[in-house]
Amino acid sequence: VYCNGTIAKIVGTFIGRKNSLPVIWHVRNIQQTYILKSLFGYLSKFRCVKKIICVSNATAVPYEDVKEKVHVVYNGIDSKEFDHKKTESLLRTEYSISKKTVVIGSTGRIVKRKGYKDFIDVANRIIKEYDGKADIKFVIVGDTPYFFPVNHLNELKEQVKKLDIEKHFVFTGYKKDIKPYLKDFDVFVIPSNYPDPYPRSVIEAMSFSLPVIGFKIGGIAEAIEHEVTGFLCEPDGFDQMKDNIKFLIDNPAKRKKMGTESRNRVIKISSAPDRTKDIQEIIMDTGN
999 VYCNGTIAKI
1009 VGTFIGRKNS
1019 LPVIWHVRNI
1029 QQTYILKSLF
1039 GYLSKFRCVK
1049 KIICVSNATA
1059 VPYEDVKEKV
1069 HVVYNGIDSK
1079 EFDHKKTESL
1089 LRTEYSISKK
1099 TVVIGSTGRI
1109 VKRKGYKDFI
1119 DVANRIIKEY
1129 DGKADIKFVI
1139 VGDTPYFFPV
1149 NHLNELKEQV
1159 KKLDIEKHFV
1169 FTGYKKDIKP
1179 YLKDFDVFVI
1189 PSNYPDPYPR
1199 SVIEAMSFSL
1209 PVIGFKIGGI
1219 AEAIEHEVTG
1229 FLCEPDGFDQ
1239 MKDNIKFLID
1249 NPAKRKKMGT
1259 ESRNRVIKIS
1269 SAPDRTKDIQ
1279 EIIMDTGN
């Protein structure tokens, strides 16, 4: 029984136990509540749970008591699909952004825990410090899911309006295919200030040869190689984030070098064919 998801792990474990079948968990999140942490800690000790595949070392931490069952396999990406050389450019065309403009962007679901409000605060400080001396644009690609009670994207737009930095910001809303927008970024920022398991947005950006700036927390700290593929800031280190963004704005050669290293790293640690093979081997081994 292969379980991919929170509810699936619970249901699948009891199905496996009742039918004397081996159970495999694929853990893609880090539980934030005491109840769920305790529940999965308890279930992980069931004899029927044979393997626990974790998408990062950070997601494996709660299973220290059963570490003999744990296998860390990073999320995979098809680097051939996420390749800036084979992708058309839409962002700069659609929003009349000059090729000389340095684009600092982020992509993902627009929800509070993703840290976009803090990202805008950092952007505001950068804009004020440059005071028109740098040609920069901040871009957020994504939307708030319809089932959320509050539209956080609208809150962010209002924040930008109140700060009077609208001319420096672009909100694209939801895009089915983010690649033509990601291609036009110069710097990628993931402002999540909580233990994100191993965000796909980061490895997508790295595959597009972008330097990435994020916090040293969760799986983000495992994807980004500090000062090689981008920068890792200490949790709540918004001054660090600001300074690192400014450094990359001012150093195009460093952006390019880090971007090249980013793509090399993602091919090395997150190649979809390689990681798929890893998972297949774990599944086949469990059945023996």
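Residue numbers (the working numbering): 999 to 1286. Virtual Cβ for every residue (Gly too), placed ideally from N, Cα, C. Keep in mind that this is a model prediction, so the values were computed, not measured.
Uninterrupted alpha helix (DSSP H) stretches at least 4 residues long and entirely within the stretch 1200-1276 occur at 1218-1221, 1236-1248 and 1250-1267, given in chain order. Annotated three-state conformation of residue 1103 is strand, per DSSP. Out of 1217, 1182 and 1127, the CA that lies nearest to the CA of residue 1104 is found in 1182. DSSP, read as helix, strand or coil, puts residue 1171 in strand. DSSP places residue 1159 inside the alpha helix (DSSP H), whose first and last residues are 1150-1160. A residue is called buried when at least 16 other Cβ atoms come within 10 angstroms of its Cβ; residue 1007 meets this threshold and is buried.
In this chain, the beta strand (DSSP E) harbouring residue 1136 covers 1134-1139. For residue 1258, the closest alpha carbon among the candidates 1279, 1267, 1280 and 1206 is that of 1206. No Cβ-Cβ contact shorter than 8 Å links residue 1064 with residue 1052. When secondary structure is reduced to three states using DSSP, residue 1196 falls in the coil class, being assigned neither helix nor strand. Between residue 1060 and residue 1039, the C-beta gap is smaller than 8 Å, which places the two residues in contact. In this structure residue 1076 is exposed. Its beta-carbon is surrounded by fewer than 16 other beta-carbon atoms within 10 angstroms. Apart from the 5 residues on each side of it in sequence, residue 1123 sits with its Cβ closer than 7 Å to the Cβ of 1240 in its chain, given in chain order.
Non-local C-beta neighbours of residue 1022 in its own chain, meaning closer than 6 Å and more than five positions away in sequence, comprise 1000, 1049 and 1284, ordered along the chain.
About 4 Å separates the CB atoms of residue 1141 and residue 1172; that is less than 8 Å, so the two are in contact. If the five residues before and after residue 1265 are omitted, its C-beta is found closer than 6 Å to the C-beta atoms of 1077, all from its own chain and listed in chain order. Per DSSP, reduced to three states, the secondary structure at residue 1021 is strand. Taking a C-beta distance under 8 Å as the contact criterion, residue 1230 and residue 1245 do not qualify as a contact pair. Rounded to whole angstroms, residue 1113 and residue 1079 show a C-alpha spacing of 28 Å. Shown here, residue 1047 sits in a strand according to DSSP, grouped into three states. Counting every other CB atom within 10 Å of its CB across the protein chains shown gives residue 1184 a total of 16 or more, marking it as buried. Minimum Cα-Cα distance from residue 1055 among the listed residues 1160, 1030 and 1221 corresponds to 1221. Note that the stretch 1131-1145 touches the stretch 1157-1175; at least 3 beta-carbon pairs, one per stretch, sit closer than 8 Å.
When 1126, 1143 and 1102 are compared, the shortest CA-CA separation from residue 1108 is found for 1143.
Within the stretch 1044-1085, the complete alpha helix (DSSP H) segments at least 4 residues long are 1055-1058, listed from N- to C-terminus.
Pairing residue 1178 with residue 1248, the inter-Cα distance amounts to about 24 Å.
In this structure residue 1011 touches residue 1047 by the C-beta definition: roughly 6 Å separates them, less than 8 Å. In the DSSP assignment, residue 1117 forms no beta bridge with any residue. One thing to note: residue 1189 has its Cβ no nearer than 8 Å to the Cβ of residue 1216. Measuring C-alpha to C-alpha distances from residue 1120 to each of 1251, 1029, 1242 and 1155 identifies 1242 as the nearest. Among the bridge pairs identified by DSSP, residue 1000 is matched with 1022.
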